[in-house]
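Heads up, the thing below is written out as structure tokens.
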Amino acid sequence: MTHVMLWPILAAGFTLMIIAAALLSEVARRQDQIDERIRVAQGRRRSAGTARANRVEDAVGAIRRLGGIILQSGILSSKTTADLEQTLAAAGYRPASALPLVVGGKVALMGALPFLAWFLTEGSGDSTIQLVAAFGGVSIGLFLPDLIIGRLRKRYLAEVERGLPDALDLLVICADAGLPLETALDRVAMEFRDSDPPTANELALTANEMKMLPDRRQALVNIGLRTNLETLVALGGTLAQTLQYGTPLTQALRVLSNEMRDTMLVRFEEKAARLPVLLTLPMIGFFLPCVIIVVLGPAGVQVYHMLHG
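What follows is the structure, encoded as structure tokens:
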């Protein structure tokens, strides 16, 4: 493909980016006018010291609005949107605000990275390399946010699962003190806010849903649906059955806490049992050559002297 054929494609893409930027700037300008009127009505104005933070917020807001436009347009299927919402919820983010930002970030990266890759490889003089780099930029912009969110999701769920047994112990204490379940969840979330924010976030969200939803059992089931963790699914189901049948809450919490600690202990034992297998390759790669050199080295030196003596 020659430069004569590629330049119209670049010009068309650049024109579309200009049109999209103009639309986003108009939307952002209107939103800024509304925000400024609200600040004036409240007696607040932007200070010079926060100008940089405000610019970052404006850029993030523009990306979020771009994602909202794409979501409202129906380009993405409902299944794709539901999967993204589930992943964001399991990573500790609220889908209502995070989903437009993720979609807008994908579109912005897919539009900016190909041009960046194209101009970075312009010195190569080979249009094929430039075209491959541009397609690589599109792929990175499409899949990089998903990889980042997946990584954050795994870390978030691991922290929640690690702090859940201690949270259940505190729930037992609160239940023995006579606190209802919603108040106990709020109290434990407040205590865990600094030491274990992911666990506190899930407990606080469950307590808020129990206060808002007409059926409190649905809020307890949602904690398992939101994170898709087996321990939280068991916790939500057990607490829902406790509310439905009136079984003692403290007894159910103690049983769950002991089961979770036993499960964690079994996992630690499994990891410890895998260590000899994992250490085999490093031993072969690093220790065995040293042993061979120590054992066969003197004999090799003697053979060399005998042959060249």
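Each residue of the sequence shown is one higher than the last, beginning at 11 in my numbering.
C-beta atoms are modelled at their ideal positions from N, C-alpha and C, and glycine is treated no differently.
message = Please report the distance separating the alpha-carbon of residue 107 from that of residue 73.
response = Numbered from its first residue, the sequence shown carries residue 107 at position 97. Numbered from its first residue, the sequence shown carries residue 73 at position 63. Residue 107 and residue 73: Cα-Cα distance of roughly 11 angstroms.
query = Which of the three DSSP states, helix, strand or coil, is assigned to residue 302?
reply = Here the question's residue 302 lines up with position 292 in the sequence shown. It is helical.
task = Identify, in the order they occur along the chain, each residue of the same chain with its Cβ nearer than 6 angstroms to the Cβ of residue 230, setting aside the five sequence neighbours on each side.
result = Taking the sequence shown and counting its residues from 1, one reaches residue 230 at position 220. Result list for residue 230: 246, 249, 250, in chain order.
Nearest-angstrom Cβ-Cβ length linking residue 226 and residue 253, presumed shorter than 8 angstroms = Sequence index remark: in the sequence shown, residue 226 carries index 216 (1-based). Sequence index remark: in the sequence shown, residue 253 carries index 243 (1-based). Confirmed, Cβ separation roughly 6 angstroms.
message = Assuming contact is defined by CB atoms lying nearer than 8 angstroms, are residue 174 and residue 116 in contact in what I supplied?
response = Here the question's residue 174 lines up with position 164 in the sequence shown. Here the question's residue 116 lines up with position 106 in the sequence shown. Taking a C-beta distance under 8 angstroms as the contact criterion, residue 174 and residue 116 do not qualify as a contact pair.
query = Leaving out the 5 sequence neighbours to the left and right, which residues in its chain are closer than 7 angstroms to residue 199 when beta-carbon positions are compared?
reply = On the sequence shown, residue 199 is found 189 positions in, with the first residue counted as 1. Around residue 199: 210, 213, 214, 217.
query = Run through DSSP, which three-state label would residue 85 get?
reply = Your numbering for residue 85 matches position 75 in the sequence shown. The answer is coil: DSSP assigns residue 85 none of H, G, I, E or B.
message = Please state the DSSP three-state secondary structure of residue 105.
response = Locating residue 105 in the sequence shown gives position 95, where the first residue counts as 1. Reduced to three states, the DSSP call for residue 105 is helix.
key: Backbone CA spacing between residue 130 and residue 315 [nearest angstrom]   = As a first step, residue 130 must be located in the sequence shown, where it is residue number 120. As a first step, residue 315 must be located in the sequence shown, where it is residue number 305. Taking the straight line from one Cα to the other gives about 58 angstroms.
Sequence ranges, alpha helix (DSSP H) only - wholly within the stretch 240-312, length at least 4 = 240-255, 259-292
query = So the alpha helix (DSSP H) residue 203 belongs to, where does it begin and stop?
reply = Taking the sequence shown and counting its residues from 1, one reaches residue 203 at position 193. No alpha helix (DSSP H) contains residue 203, which DSSP labels as neither H nor E.
ask   = Are residue 243 and residue 208 touching if we call contact CB-CB under 8 angstroms?
value = Taking the first residue of the sequence shown as 1, we reach residue 243 at position 233. Taking the first residue of the sequence shown as 1, we reach residue 208 at position 198. Their beta carbons are not under 8 angstroms apart, which means residue 243 does not touch residue 208 by this criterion.
query = Does DSSP put residue 316 in a helix, in a strand, or in coil?
reply = Translated into the one-based positions of the sequence shown, residue 316 becomes position 306. Reduced to three states, the DSSP call for residue 316 is helix.
inquiry  = Given this structure, state the Cα-to-Cα distance separating residue 322 from residue 294, to the nearest angstrom.
reply    = In the structure as shown, the chain starts at 11 and stops at 319, and residue 322 therefore has no counterpart that could be examined.
ask   = Span of the alpha helix (DSSP H) holding residue 143?
value = For the purposes of this step, residue 143 is taken as the residue at position 133 of the sequence shown. First-last of the alpha helix (DSSP H) with residue 143: 137-186.
ask   = Among 69, 104, 103, 110, which residue has its Cα nearest to the Cα of residue 84?
value = By one-based count along the sequence shown, residue 84 stands at place 74. Residue 84 has its Cα closest to that of 110, out of 69, 104, 103, 110.
contact_flag[the stretch 292-311, the stretch 272-283] where n(CB pairs < 8 angstroms) is 3 or more = no
ask   = Taking Cβ positions, are residue 146 and residue 126 nearer each other than 8 angstroms?
value = Within the sequence shown, the letter at position 136 stands for residue 146. Within the sequence shown, the letter at position 116 stands for residue 126. Against a cut-off of 8 angstroms, the Cβ pair of residue 126 and residue 146 comes out as no contact.
inquiry  = For residue 239, tell me which candidate among 306, 273, 284 has the shortest Cα-Cα distance.
reply    = For the purposes of this step, residue 239 is taken as the residue at position 229 of the sequence shown. Nearest option by C-alpha distance: 273.
key: Test item: CB-CB of residue 98 and residue 159 under 8 angstroms   = By one-based count along the sequence shown, residue 98 stands at place 88. By one-based count along the sequence shown, residue 159 stands at place 149. Going by C-beta atoms, residue 98 is nearer than 8 angstroms to residue 159.
query = Does DSSP put residue 131 in a helix, a strand or coil?
reply = Locating residue 131 in the sequence shown gives position 121, where the first residue counts as 1. DSSP, read as helix, strand or coil, puts residue 131 in coil.
inquiry  = Give me, in chain order, the residues of the same chain whose beta-carbon lies closer than 8 angstroms to that of residue 100; leave out the 5 immediate sequence neighbours on both sides.
reply    = Counting from 1 along the sequence shown, the entry for residue 100 is found at position 90. Closer than 8 angstroms at Cβ, skipping near neighbours: 163, 166, 167, 236, 237, 238.
inquiry  = Rounding to the nearest angstrom, what Cα-Cα distance links residue 138 and residue 87 in this structure?
reply    = The residue you call residue 138 lines up with position 128 of the sequence shown. The residue you call residue 87 lines up with position 77 of the sequence shown. If you take the alpha carbons of residue 138 and residue 87, they lie about 33 angstroms apart.
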